[in-house]
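Asks: Please see the structure below; I have some questions.
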Amino acid sequence: MSWKLREIVVAAVLSVVCGAIYLGWDFLFQVVHAASPVAQAAFNGLWWIASGLVAYIVRKPGAALLAELVGAFAEFALGSPYGMAAVFIGLFQGLGAEIPFLATRYQKWGITTMMLSGAVGGIGNTFYSYYWQGVNQYSVGNMIGWLVVSMISGAILAGVLPKLIGDALKRTGVLRNFKIAGRE
Amino acid sequence: MEQAAIAQAKSLAAKLNPSYKLLITMIVLFALALVHHPLQAVLSVVPPIVLMLTIGGLSLITLLKRLLPFAVFFFFYVFFQAAYSTTNDATVYHFLWYHFSKTGVINGIVLAFRMLTSVTYGVLFVSTTDLTDLIVSLCQDLRVPPKFAYGILAGIRFMPMFKEEWHKLRAARQLRGRDAKWSVTRIVTYALPLLSQAIRTSERVAVAMEARGFTNGPRTYYRQIHRGMRDVLYGLVLLAANLVIIIAF
Numbered sequence: 016m017s018w019k020l021r022e023i024v025v026a027a028v029l030s031v032v033c034g035a036i037y038l039g040w041d042f043l044f045q046v047v048h049a050a051s052p053v054a055q056a057a058f059n060g061l062w063w064i065a066s067g068l069v070a071y072i073v074r075k076p077g078a079a080l081l082a083e084l085v086g087a088f089a090e091f092a093l094g095s096p097y098g099m100a101a102v103f104i105g106l107f108q109g110l111g112a113e114i115p116f117l118a119t120r121y122q123k124w125g126i127t128t129m130m131l132s133g134a135v136g137g138i139g140n141t142f143y144s145y146y147w148q149g150v151n152q153y154s155v156g157n158m159i160g161w162l163v164v165s166m167i168s169g170a171i172l173a174g175v176l177p178k179l180i181g182d183a184l185k186r187t188g189v190l191r192n193f194k195i196a197g198r199e
Numbered sequence: 019m020e021q022a023a024i025a026q027a028k029s030l031a032a033k034l035n036p037s038y039k040l041l042i043t044m045i046v047l048f049a050l051a052l053v054h055h056p057l058q059a060v061l062s063v064v065p066p067i068v069l070m071l072t073i074g075g076l077s078l079i080t081l082l083k084r085l086l087p088f089a090v091f092f093f094f095y096v097f098f099q100a101a102y103s104t105t106n107d108a109t110v111y112h113f114l115w116y117h118f119s120k121t122g123v124i125n126g127i128v129l130a131f132r133m134l135t136s137v138t139y140g141v142l143f144v145s146t147t148d149l150t151d152l153i154v155s156l157c158q159d160l161r162v163p164p165k166f167a168y169g170i171l172a173g174i175r176f177m178p179m180f181k182e183e184w185h186k187l188r189a190a191r192q193l194r195g196r197d198a199k200w201s202v203t204r205i206v207t208y209a210l211p212l213l214s215q216a217i218r219t220s221e222r223v224a225v226a227m228e229a230r231g232f233t234n235g236p237r238t239y240y241r242q243i244h245r246g247m248r249d250v251l252y253g254l255v256l257l258a259a260n261l262v263i264i265i266a267f
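Taken in sequence, the protein lines are chains D and R.
For our numbering, count along the first sequence from 1 and bump the result up by 15.
For our numbering, count along the second sequence from 1 and bump the result up by 18.
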């Protein structure tokens, strides 16, 4: 179960790419938040896509958490408007996304586990947003809306989407040396 | 990470242990959840700004330049809270579905200053920390396995390659008259080739590292990261300052 060097480097590269995407997302969706916090929550899932993507390819303990931390750090270092808080929220999202993989003992990698991972990542996001991002001041409706919509968004954007990308990459043959292709 | 100016590189903050600097900052940001009053929030920005101007070696102009992009976000944070906070006081102003209240505006100012604090610590960290030093320090001080630390460093280091690869892909597609119709959809068209190329290159890098004897065994370091009393002092001062802000105000 131990990590191989190539898995670490690939995980880092993919995470940094995701971090660059996170940065773009940071700037795009402030406007949506102004329209409604719940509407912004619908886009939240993309912020922990690294977890699903790297875990799905590498399939090792800690992959989701590591990927999200590296991605969030890249987002921060590239100049995120959240500053260092970006790393912090990444920690919670990564921890959340890791739980379903841990619960299935890193054995099940079907669409259900992936969606669960994305959804629990949404709980991590809500936990952070509640205490640090001002969501605790919103009305109960908006808070529950934030949680539920974040989880759905996570299941799709950080669960289904990474699986699709992972499967497409697998078809190209570049992942032949990775666990996703059934080989160690 | 961005190139630090010479003055910053020589600054005292740049000589601090990167891992401890990171940990202390994270602890302070964690404690920010306890900041609820406007005065606390405004005061919490003071320590990082003072640090930047003194031991950080940044000039006031550089500081303002780095923080200016945040102004837009500052406005947004105040706006979110002003419009969506639940309060008991009578709504001051109605507009579409927004209910602006005085409490909401105050909540917004608290949140915006908290985020400003996070950004300011971020600028302080990025402009006084060398990425390689941080990675080496993670191995030496926090016992992160070198395989992970250097693997991640290698991964981060060839980020610039992506830009080059992107231009190549675009040129190749234009040559064949098959470029994406709209610039927004280009990312979708290019995603797979870019990612698969990145995976191939990372594998080659990993093989090259292993071929040069990079294994998990005991290792010596060319760079020795310093760790000492000044790190302890830095941590104590920051923690004390924030404790005072949270408790006394």
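Beta carbons: idealized from backbone N, C-alpha and C, even for Gly.
What separation, rounded to the nearest whole angstrom, lies between the Cα atoms of Thr138(R) and Asn151(D)?
Replies: 24 Å
Asks: Just to make sure I have the definition right: I need the residues of chain R whose C-beta is within less than 8 Å of the C-beta of Asn59(D). Which are they?
Replies: For Asn59(D), there are no C-beta contacts with chain R under 8 Å, since the nearest C-beta of that chain is about 14 Å from it.
Asks: Does any residue of chain R have a CB that is nearer than 8 Å to the CB of Ala82(D)?
Replies: no
Asks: Start and end of the alpha helix (DSSP H) containing Phe118(R)?
Replies: Note, Phe118(R): premise wrong, no alpha helix (DSSP H); beta strand (DSSP E) at 116 to 118.
Asks: Taking Cβ-Cβ distances shorter than 8 Å, what residues in chain R pair up with Arg21(D)?
Replies: Ser220, Glu221, Ala224, Val225
Asks: Pull up the distance between the alpha-carbon of Leu193(R) and that of Met129(D), whole angstroms please.
Replies: Roughly 39 Å separates the two Cα atoms.
Asks: Consult DSSP for His55(R) and reduce its assignment to one of helix, strand or coil.
Replies: Here His55(R) carries a coil assignment [DSSP, helix/strand/coil].
Asks: Would you say Gly38(D) lies against chain R (beta-carbon separation less than 8 Å)?
Replies: Sequence inspection shows Leu at residue 38(D); the Gly mentioned does not correspond to that position. So, not an interface residue.
Asks: Is Val31(D) buried or exposed, if buried means 16 or more other CB atoms sit within 10 Å of its CB?
Replies: buried
Asks: Within 10 angstroms of the Cβ of Ala167(R), are there 16 or more other Cβ atoms? Answer buried if so, exposed if not.
Replies: Counting the other CB atoms within 10 Å of its CB gives Ala167(R) a total of 16 or more, which places it among the buried residues.
Asks: Would you give the residue range spanned by the beta strand (DSSP E) that His112(R) belongs to?
Replies: 111 to 113
Asks: How is the alpha helix (DSSP H) around Leu160(R) delimited, first residue to last?
Replies: 149 to 160
Asks: Answer yes or no: does any C-beta atom of chain R fall closer than 8 Å to that of Thr141(D)?
Replies: no
Asks: Quick one: residues in its chain with C-beta nearer than 7 Å to the C-beta of Leu80(D), no 5 flanking neighbours on either side, listed in chain order?
Replies: Gly109, Leu110, Glu113
Asks: What's the gap between the Cα of Asp148(R) and the Cα of Thr43(R)?
Replies: 16 Å
Asks: Using a cut-off of 7 Å between C-beta atoms, extract the partners of Met99(D) located in chain R.
Replies: Residues of chain R passing the Cβ test: Thr43, Leu47, Ser136, Tyr139, Gly140, Phe143.
Asks: If you reduce the DSSP assignment to three classes, tell me which class Tyr153(D) lands in.
Replies: strand
Asks: If you count every other CB in all the chains shown that lies within 10 Å of the CB of Arg84(R), and 16 or more means buried, which is it?
Replies: buried
Asks: What residues from chain C crowd round Gly173(R), counting only those whose CB sits closer than 9 Å?
Replies: Annotation note: the requested chain C is absent from the structure, which comprises protein chains D and R.
Asks: Can you grab the Cα-Cα spacing for the pair Ala27(D) / Ile171(D), in whole Å?
Replies: 23 Å
Asks: Give me the DSSP bridge partner(s) of Ser103(R).
Replies: According to DSSP, Ser103(R) shares a beta bridge with Tyr153(D).
Asks: Measure the beta-carbon distance from Arg21(D) to Ala224(R) and round it to whole angstroms, keeping in mind my assumption that it falls under 8 Å.
Replies: 4 Å between Cβ atoms; contact.
Asks: In the DSSP assignment, the alpha helix (DSSP H) including Ile67(R) goes from what residue to what residue?
Replies: 64 to 71
Asks: Can you list, in chain order, the residues of its chain whose CB lies under 8 Å from that of Val241(R), leaving out five sequence neighbours each side?
Replies: Reading the sequence as shown, one finds Arg at residue 241(R) and not Val. For Arg241(R), where only same-chain residues beyond five positions count, the Cβ hits under 8 Å are Thr150, Asp151, Val154.
Asks: If you draw a straight line from the alpha carbon of Ala49(D) to that of Tyr111(R), how long is it in whole angstroms?
Replies: So the alpha carbons of these two residues sit roughly 16 Å apart.
Asks: Does the CB of Gln58(R) have a neighbour CB from chain D at under 8 Å?
Replies: no
Asks: Decide if Gln158(R) is buried, meaning its Cβ has at least 16 other Cβ atoms within 10 Å, or exposed.
Replies: buried
Asks: Compare the C-beta of Tyr146(D) with all C-beta atoms of chain R and state if any pair is closer than 8 Å.
Replies: Output row for Tyr146(D): interface = yes.
Asks: For His117(R), is the classification buried or exposed, using 16 other Cβ atoms within 10 angstroms of its Cβ as the cut-off for buried?
Replies: Burial call: buried.
Asks: Against chain R, does Phe107(D) count as a neighbour if the rule is that its beta carbon must be under 8 Å from one of theirs?
Replies: Not closer than 8 Å to any Cβ of chain R, the Cβ of Phe107(D) fails to qualify, so no.
Asks: Grab the span of the alpha helix (DSSP H) containing Asn140(D) for me, first residue to last.
Replies: Membership of Asn140(D) in the alpha helix (DSSP H) is indicated by the continuous run 126 to 147.
Asks: Can you list the alpha helix (DSSP H) stretches of 4 or more residues lying completely in the segment 185 to 254 of chain R, in chain order?
Replies: 204 to 229
Asks: In this structure, how does DSSP classify Ser165(D) when only helix, strand and coil are distinguished?
Replies: helix
Asks: Three-state secondary structure (DSSP) at Val60(R)?
Replies: Residue state for Val60(R) is assigned as helix, using DSSP reduced to three classes.
Asks: If you measure beta-carbon to beta-carbon, which residues of the segment 180 to 192 of chain D are closer than 8 Å to chain R?
Replies: Against chain R - using a Cβ distance shorter than 8 Å - the residues of the segment 180 to 192 of chain D are Ile180, Ala183, Leu184, Thr187, Val189, Leu190, Asn192.
Asks: Quick one: give me the first and last residue of the alpha helix (DSSP H) that Tyr121(D) is part of.
Replies: Counting along the chain, Tyr121(D) falls outside any alpha helix (DSSP H), and DSSP gives it neither H nor E.
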